Amino acid sequence: MRRNVIDLIRKITRQRGAEGESAVSMALAEMKDSGEIASFYKTARRADKFQGIDFCIFKINGERVPLQVKSSRTGALNHREEFSDIPVIIVKIEDDTGSVKNKIRELLI
Numbered sequence: 175m176r177r178n179v180i181d182l183i184r185k186i187t188r189q190r191g192a193e194g195e196s197a198v199s200m201a202l203a204e205m206k207d208s209g210e211i212a213s214f215y216k217t218a219r220r221a222d223k224f225q226g227i228d229f230c231i232f233k234i235n236g237e238r239v240p241l242q243v244k245s246s247r248t249g250a251l252n253h254r255e256e257f258s259d260i261p262v263i264i265v266k267i268e269d270d271t272g273s274v275k276n277k278i279r280e281l282l283i
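Count along the sequence shown from 1, add 174, and you get the number used in my numbering.
Here it is in structure tokens:
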């Protein structure tokens, strides 16, 4: 029984993470289309695991900005402890595209 609960929690956590990354991808695509950023790409799973990077964003001036996406404050705090030089944003289920774009914009300043 305990094992089933742990497996369910892990599944929900992965799903929330995937939804957050999808929301960020959509927001970045809109930002690219509008000319706010030059480009972006989603990193490979290995970069996420070992470097703490989900996305690389390229500003108009060519500067590369790494980004990690988390779905909880605890996840963001843990990320900051392990990868203090990689910016992180928290994306919640209730965040719309505009909200996600604003979180990204704050990092790009």
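By construction, the Cβ of each residue, glycine as well, lies at the ideal position given by its N, Cα and C atoms. Here the structure is a predicted model, which is why all the values come from computation and not from measurement.
Spatial distance of residue i from residue j (CA atoms)
i	j	result
E195	D259	20 Å
R177	I183	10 Å
K244	A203	19 Å
I264	K277	8 Å
D228	P261	10 Å
T248	R254	10 Å
M175	K206	47 Å
E193	I180	20 Å
Residue i - DSSP class collapsed to helix/strand/coil
i	result
S213	strand
R265	For the sequence presented, residue 265 should be read as Val rather than Arg. V265 falls in the coil class under three-state DSSP.
K244	strand
I231	strand
Nearest to residue i (by Cα), restricted to the options the options
i	options	result
A201	T187, Q189, K216 and R188	K216
I211	S273, G236 and R190	G236
G226	G272, F257 and V198	F257
I283	R188, R238 and G191	R238
S199	E280, L281 and T271	T271
N252	D269, I267 and K223	K223
Test item: CB-CB of residue i and residue j under 7 Å
i	j	result
I231	F214	yes
V274	A218	no
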